[in-house]
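Structure first, then comments.
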Amino acid sequence: KPFSWVPQENLLSYEDMFEFIKVSIDEGITKIRLTGGEPLLRAGLPNFIKMISDYSPTIDLALTTNAFLLEDVAQELKDAGLKRLNISLDSLKPEVAHHIAQKDVLKKVLRGIDKAQEIGLGIKINCVPLEDINDGEIVDLLEHCKNKGYEIRFIEYMENSHANVKSGLNSAQIQKIISQKYNITKGERVGASPSQDYFLDDGYKFGIIEPHLDDFCSDCNRLRITAEGYLIPCLYFEDALSIADAIKAKDIKKAAEILKLVLKNKPEKNKWNSEEGSDRAFYETGG
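Using the working numbering, the first residue of the sequence shown is number 623, and each one after it goes up by one.
See below:
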């Protein structure tokens, strides 16, 4: 489907983004995730990853991708310093995957995931269960990931005015489907993870992300920066501050001040069903 592309001159360069990342690391950020849209579409990504890894070899550096382009670049990404992947996989049926992506993608996506696992990249699978689309595959996807040896997180559908589906399954529905075949045990919530862990009797762990919970935002420690340089404290929060001028000018003090201000302004209460909620498309913000 068509998108309104942002003019190239309005986008941050890799050098600009690297300046921001250096400030973030120096201010105590320990995890960085590169998202999109689809980050593998942007030329020069492995070099950018290497810049980050060289600056901070111990940083937890991850990437979110649909894995369609992953097979050919997985080794290069790992060699550059990438440690983990979050991969969207909503179906194991070619026709359903085609319906979702509007393209024959499944075989190539699965090869990309296999390649990433083969070379030792950490993998988490994300799936959004939707009524009458892939809700009949929840157990199949769970078993596929269990057999492959990586974790799957089921994500409740997140409403947004730019999205065209309103039929996502909630956590209770997902648990009910899985419990028809497996005993499941709820785990302890760990740290600031957005995922609630559950365990099968054999110890396999899967997660459910429930963004509609009132306390979902209370321990969130994430900030997002858009390709245009806006710092956003929350996916559902309209307020954003531009850090572009500060990092382009290499004004480290100003950039750090903006970073701290946005972090201070993170909402403690969920905004998803609020008049304060953002109309910004998720593909503009990043996951």
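Built from N, CA and C at the ideal position, the CB exists for glycine as well. As the structure is a prediction and not an experimental result, all values here were calculated from the model.
>> Please return the same chain residues whose Cβ sits closer than 6 Å to the Cβ of Met780, not counting the five positions on each side in sequence.
In response: Mapped onto the sequence shown, residue 780 falls at position 158. Cβ within range, chain order: Pro833.
Please tell me whether Glu860 has its Cβ less than 8 Å away from any Cβ of chain B.
Annotation note: the requested chain B is absent from the structure, which comprises a single protein chain.
Note to self: If I measure Cβ to Cβ from His721 and keep anything under 6 Å in the same chain, skipping five residues before and after, which residues do I get?
What the structure shows: On the sequence shown, residue 721 is found 99 positions in, with the first residue counted as 1. None.
What separation, rounded to the nearest whole angstrom, lies between the Cα atoms of Asn708 and Glu879? Residue numbering aside, residue 708 sits at position 86 when the sequence shown is read from its first letter. Residue numbering aside, residue 879 sits at position 257 when the sequence shown is read from its first letter. Asn708 and Glu879: Cα-Cα distance of roughly 30 Å.
(Q) Please report the distance separating the alpha-carbon of Gly771 from that of Ile654. (A) Here residue 771 refers to the residue found at position 149 of the sequence shown. Here residue 654 refers to the residue found at position 32 of the sequence shown. Computed Cα separation, rounded: 24 Å.
Check your understanding: Roughly how many whole angstroms lie between the Cα atoms of Gly650 and Tyr820?
Key -> For the purposes of this step, residue 650 is identified with residue 28 of the sequence shown, where counting begins at 1. For the purposes of this step, residue 820 is identified with residue 198 of the sequence shown, where counting begins at 1. Cα to Cα, the separation comes out at about 30 Å.
Q | Sequence-distant residues of the same chain with beta carbon closer than 6 Å to Met639, five excluded per side | A | As a position in the sequence shown, residue 639 is number 17, starting the count at 1. None.
Report yes or no: do the segment 871–878 and the segment 845–860 share at least 3 C-beta pairs separated by less than 8 Å? The segment 871–878 vs the segment 845–860: no contact.
Cβ contact (3+ pairs, closer than 8 Å) linking the segment 683–690 and the segment 701–716: Under the three-pair Cβ rule at 8 Å, the segment 683–690 counts as touching the segment 701–716.
If you check the beta carbons only, do Gln697 and Ile735 fall under 8 Å apart? Numbered from 1 along the sequence shown, position 75 holds the residue referred to as residue 697. Numbered from 1 along the sequence shown, position 113 holds the residue referred to as residue 735. In this structure, Ile735 does not lie closer than 8 Å to Gln697 by Cβ.
Identify the residues that DSSP records as bridge partners of Gln802: which are they?
Locating residue 802 in the sequence shown gives position 180, where the first residue counts as 1. Gln802 pairs with nothing; no bridge assigned.
- Given a threshold of 16 other Cβ atoms within 10 Å of its Cβ, counted over all protein chains shown, does Asp712 qualify as buried or as exposed? As a position in the sequence shown, residue 712 is number 90, starting the count at 1. When all chains shown are included, Asp712 counts as buried.
Review point. In the structure shown, what three-state DSSP assignment does Glu773 receive?
Key: Within the sequence shown, the letter at position 151 stands for residue 773. Strand.
Next item on the list: Would you kindly work out how many angstroms separate the C-alpha atoms of Ala689 and Thr657, rounded to a whole number?
Entry: The count along the sequence shown starts at 1 and reaches residue 689 at position 67. The count along the sequence shown starts at 1 and reaches residue 657 at position 35. Rounded to the nearest angstrom, the two C-alpha atoms are 12 Å apart.
- Message: To the nearest angstrom, how far is the alpha carbon of Ser635 from that of Ile755?
- Response: Here residue 635 refers to the residue found at position 13 of the sequence shown. Here residue 755 refers to the residue found at position 133 of the sequence shown. So the two alpha carbons sit approximately 38 Å from each other.
Inter-residue CB distance, Val884 and Leu835 (contact presumed, cutoff 8 Å): Along the sequence shown, one-based indexing puts residue 884 at 262. Along the sequence shown, one-based indexing puts residue 835 at 213. Between the beta-carbon of Val884 and that of Leu835 there is about 23 Å, and that puts the pair past the 8 Å contact cut.
Exercise. Mind checking which residues open and close the beta strand (DSSP E) that includes Asp682?
Key: Taking the first residue of the sequence shown as 1, we reach residue 682 at position 60. Run containing Asp682: Asp682 to Thr687, per the beta strand (DSSP E) assignment.
* To do: Just the C-alpha distance for Phe776 and Gly809, rounded to the nearest angstrom, thanks.
  => For the purposes of this step, residue 776 is taken as residue 154 along the sequence shown, with counting starting at 1. For the purposes of this step, residue 809 is taken as residue 187 along the sequence shown, with counting starting at 1. So the two alpha carbons sit approximately 15 Å from each other.
Curious, which full-length alpha helix (DSSP H) runs of at least 4 residues does the segment 626–696 contain? Contiguous alpha helix (DSSP H) elements confined to the segment 626–696 occur at 636–648 and 667–677, taking only those with 4 or more residues.
To which residues of the same chain is Ile831 closer than 6 Å at the C-beta, ignoring the five residues directly before and after it? Translated into positions along the sequence shown, residue 831 becomes position 209. Excluding residues up to 5 positions away in sequence, Arg775, Ile777, Pro816 and Ser817 lie with their Cβ nearer than 6 Å to the Cβ of Ile831 in the same chain.
Bridge-paired residues (DSSP) for Ser864 = Counting from one through the sequence shown, the residue named residue 864 turns up at place 242. According to DSSP, Ser864 bridges with Tyr852.
- 8 Å Cβ cutoff met for Ile799 and Ile747: Translated into the one-based positions of the sequence shown, residue 799 becomes position 177. Translated into the one-based positions of the sequence shown, residue 747 becomes position 125. Result no, Cβ atoms of Ile799 and Ile747 do not sit closer than 8 Å.
(Q) Quick check: the Cα distance between Cys767 and Gln724, rounded to an integer number of angstroms? (A) Counting from one through the sequence shown, the residue named residue 767 turns up at place 145. Counting from one through the sequence shown, the residue named residue 724 turns up at place 102. Here the C-alpha atom of Cys767 lies approximately 24 Å from the C-alpha atom of Gln724.
TODO: Over the uninterrupted alpha helix (DSSP H) stretch that includes Gly734, give me the two end residues.
DONE: As a working mapping, residue 734 is identified with position 112 in the sequence shown. Secondary structure note for Gly734: its alpha helix (DSSP H) is the uninterrupted segment Leu728 to Glu740.
| query | Helix or strand or just coil, what does DSSP make of Ser783? | reply | The residue you call residue 783 lines up with position 161 of the sequence shown. Its pLDDT being 49, under 50, Ser783 is placed unreliably in this model, and the coordinates cannot settle the point.
Bounding residues of the alpha helix (DSSP H) (the contiguous stretch that carries Leu885):
Against the sequence shown, residue 885 aligns to sequence position 263. Ile874 to Lys886 is the span of the alpha helix (DSSP H), which, as asked, contains Leu885.
Q. Just the Cα atoms here: how many angstroms apart are Leu728 and Ala702?
A. Taking the first residue of the sequence shown as position 1, residue 728 is located at position 106. Taking the first residue of the sequence shown as position 1, residue 702 is located at position 80. Going by the C-alpha atoms only, they are around 26 Å apart.
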